[in-house]
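Colleague: Take this structure first; my questions come after.
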Amino acid sequence: MFQSPGPILFSLGPLTIRWYGLMIALGFVAATYFAVKLAERLELDSEKYVNGALIGFIGGIIGARLYYVAVSWSYFSTHLTEIPMTWNGGMSIHGGIIGGVGLGVLYLYLSGFPVLRAFDLSGVGLALGQSIGRWGNFFNSEAFGSPVPDSFPLKLFIPMDMRPKVHFNHEYYHPTFLYESVLDLILFLLLFHVVSKKLVNYPGMTFAVYLFGYSLIRLMIEPMRMDSIRAASGTPVPIIASIVCAAIALVAALLLFFYHKKKSKAA
Numbered sequence: 339m340f341q342s343p344g345p346i347l348f349s350l351g352p353l354t355i356r357w358y359g360l361m362i363a364l365g366f367v368a369a370t371y372f373a374v375k376l377a378e379r380l381e382l383d384s385e386k387y388v389n390g391a392l393i394g395f396i397g398g399i400i401g402a403r404l405y406y407v408a409v410s411w412s413y414f415s416t417h418l419t420e421i422p423m424t425w426n427g428g429m430s431i432h433g434g435i436i437g438g439v440g441l442g443v444l445y446l447y448l449s450g451f452p453v454l455r456a457f458d459l460s461g462v463g464l465a466l467g468q469s470i471g472r473w474g475n476f477f478n479s480e481a482f483g484s485p486v487p488d489s490f491p492l493k494l495f496i497p498m499d500m501r502p503k504v505h506f507n508h509e510y511y512h513p514t515f516l517y518e519s520v521l522d523l524i525l526f527l528l529l530f531h532v533v534s535k536k537l538v539n540y541p542g543m544t545f546a547v548y549l550f551g552y553s554l555i556r557l558m559i560e561p562m563r564m565d566s567i568r569a570a571s572g573t574p575v576p577i578i579a580s581i582v583c584a585a586i587a588l589v590a591a592l593l594l595f596f597y598h599k600k601k602s603k604a605a
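If you read the sequence shown in the working numbering, its first letter stands for residue 339, the second for the next number, and so on.
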């Protein structure tokens, strides 16, 4: 059984350190570390990449929050003071990808770093960072799935004040944060140890594989979640975003394939 010890790691006077923030920070450090390892394998400027990653991290936090606020505007429009309160949760990974990768890669491009390689490094790092970051949802008792019986081996206990009203009497739920964390870790291992090596002569393709793979993971997990924000049609917004991202990844992969084939023939 899984049960969160609470969202707060420790408090020291007015300073409060939350598990959610720690998991995000650990995810970033781990993501950057392995992205740098890949950069060194490809004989790229790892120091320049770290600078881009730091800028991307800031862009990711801003993008993740703004995206979440945008799709939850019906709530935040009457709670404006809560918009900057990222420590309470409420971050969208899709927004983080847009803001983080967008700003980080833009910086690297302007710095003369190979832009397609920058995307590849980011994709590998993101998969690991997301795997670790999902544990922040565990400590916040959020992003859980539908109710499960008491006998379920991986059951997640959710406090009464965090349960959906329609399932108020149910104590245990699917730990969807764990499912996604494990799948993200598998995706990272495949990207770092297999895909990035097999596609080393196809810059940009590793990121396309990451984006498609992560989209599939979300499409598997999202129907199980109880707290997904829904569009007017009733479809969870993350499902719509994942379908769009998967389509973009497929188109990008095709374009990159023909681009590199043409480039190799010209050489």
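We treat Cβ as the ideally placed atom computed from N, Cα and C, and that holds for glycine.
Between the Cα of residue 490 and the Cα atoms of 508, 480, 504 and 499, which residue gives the shortest distance?
Modeller: As a position in the sequence shown, residue 490 is number 152, starting the count at 1. Comparing Cα positions, the closest option is 508.
Colleague: In three-state terms, what does DSSP make of residue 537?
Modeller: Position 199 of the sequence shown holds residue 537. Residue state, collapsed to three classes: coil.
Colleague: How would you write the range of the alpha helix (DSSP H) that residue 469 sits in, first residue to last?
Modeller: Here residue 469 refers to the residue found at position 131 when the sequence shown is read from its first residue. First-last of the alpha helix (DSSP H) with residue 469: 453-471.
Colleague: On the premise that residue 477 lies in contact with residue 358, defined as a C-beta separation below 8 angstroms, what is that separation, rounded to the nearest angstrom?
Modeller: Counting from 1 along the sequence shown, the entry for residue 358 is found at position 20. Counting from 1 along the sequence shown, the entry for residue 477 is found at position 139. Between residue 477 and residue 358 the Cβ distance is about 6 angstroms, and since that is below 8 angstroms, they are a contact.
Colleague: Taking residue 492 as part of the alpha helix (DSSP H), name the residues at either end of that continuous run.
Modeller: As a working mapping, residue 492 is identified with position 154 in the sequence shown. Element bounds for residue 492: n/a, residue is neither H nor E.
Colleague: Name the one or two DSSP bridge partners that residue 483 has.
Modeller: For the purposes of this step, residue 483 is taken as the residue at position 145 of the sequence shown. Residue 483 pairs with 563.
Colleague: Rank 402, 579, 469 and 515 by C-alpha distance to the C-alpha of residue 422 and give the top, closest one.
Modeller: For this step, residue 422 is matched to residue 84 along the sequence shown. Nearest of 402, 579, 469 and 515 to residue 422, Cα basis: 402.
Colleague: Does residue 531 pass the burial test, meaning 16 or more other C-beta atoms within 10 Å, or should it be called exposed?
Modeller: What you label residue 531 is simply residue 193 of the sequence shown in a count that begins at 1. Classification of residue 531: exposed, given that the 10 Å Cβ count is below 16.
Colleague: Just to confirm, are residue 459 and residue 437 a CB contact at a threshold of 9 angstroms?
Modeller: For the purposes of this step, residue 459 is identified with residue 121 of the sequence shown, where counting begins at 1. For the purposes of this step, residue 437 is identified with residue 99 of the sequence shown, where counting begins at 1. Not in contact: residue 459 and residue 437 (Cβ atoms no closer than 9 angstroms).
Colleague: With a 10 Å radius around its C-beta and 16 neighbouring C-beta atoms as the bar for buried, classify residue 511 as buried or exposed.
Modeller: Here residue 511 corresponds to residue number 173 of the sequence shown, with the count starting at 1. By the 10 Å Cβ count, residue 511 comes out buried.
Colleague: Can you tell which of 368, 428, 513 and 471 has the C-alpha that lies nearest to the C-alpha of residue 485?
Modeller: Taking the sequence shown and counting its residues from 1, the one referred to as residue 485 is at position 147. Minimum Cα distance to residue 485 is reached at 513.
Colleague: In the DSSP output, which residue or residues are listed as bridge partners for residue 346?
Modeller: Counting from 1 along the sequence shown, the entry for residue 346 is found at position 8. Answer by DSSP bridge pairing, in chain order: 356.
Colleague: In the structure shown, what three-state DSSP assignment does residue 379 receive?
Modeller: Residue numbering aside, residue 379 sits at position 41 when the sequence shown is read from its first letter. Of the three classes helix, strand and coil, the one that applies to residue 379 here is helix, per DSSP.
Colleague: Among the residues of its own chain, which have a CB less than 6 angstroms from the CB of residue 461, if the five just before and after it don't count?
Modeller: Counted from its first residue, the sequence shown places residue 461 at position 123. Around residue 461: 544, 545 and 548.
Colleague: Is the Cβ-Cβ distance between residue 446 and residue 390 less than 9 angstroms?
Modeller: Taking the first residue of the sequence shown as position 1, residue 446 is located at position 108. Taking the first residue of the sequence shown as position 1, residue 390 is located at position 52. In this structure, residue 390 lies closer than 9 angstroms to residue 446 by Cβ.
Colleague: Taking the alpha helix (DSSP H) that residue 598 belongs to, which residues open and close that run?
Modeller: On the sequence shown, position 260 is the one that residue 598 refers to. That run of the alpha helix (DSSP H) goes 575-604.
Colleague: Do residue 382 and residue 455 have their CB atoms nearer than 9 angstroms?
Modeller: Looking up residue 382 in the sequence shown gives position 44. Looking up residue 455 in the sequence shown gives position 117. Cβ distance < 9 angstroms, so residue 382 and residue 455 count as in contact.
Colleague: Sorted by chain position, which residues of the same chain lie with C-beta nearer than 8 angstroms to residue 498's C-beta, five sequence neighbours on each side aside?
Modeller: Stepping through the sequence shown from its first residue, residue 498 is reached at position 160. Closer than 8 angstroms at Cβ, skipping near neighbours: 506.
Colleague: Could you tell me whether the Cβ of residue 554 comes closer than 9 angstroms to any Cβ of chain C?
Modeller: Considering every chain present, this structure includes no chain C. It has just one protein chain.
Colleague: Out of 542, 464 and 496, which one is the CA nearest neighbour of residue 523?
Modeller: Here residue 523 is taken as the residue at index 185 of the sequence shown, counted from 1. The candidate whose alpha carbon is nearest that of residue 523 is 464.
Colleague: Measure the C-alpha to C-alpha separation of residue 374 and residue 434 and round it to an integer number of angstroms.
Modeller: Locating residue 374 in the sequence shown gives position 36, where the first residue counts as 1. Locating residue 434 in the sequence shown gives position 96, where the first residue counts as 1. Each residue's alpha carbon lies about 20 angstroms from the other.
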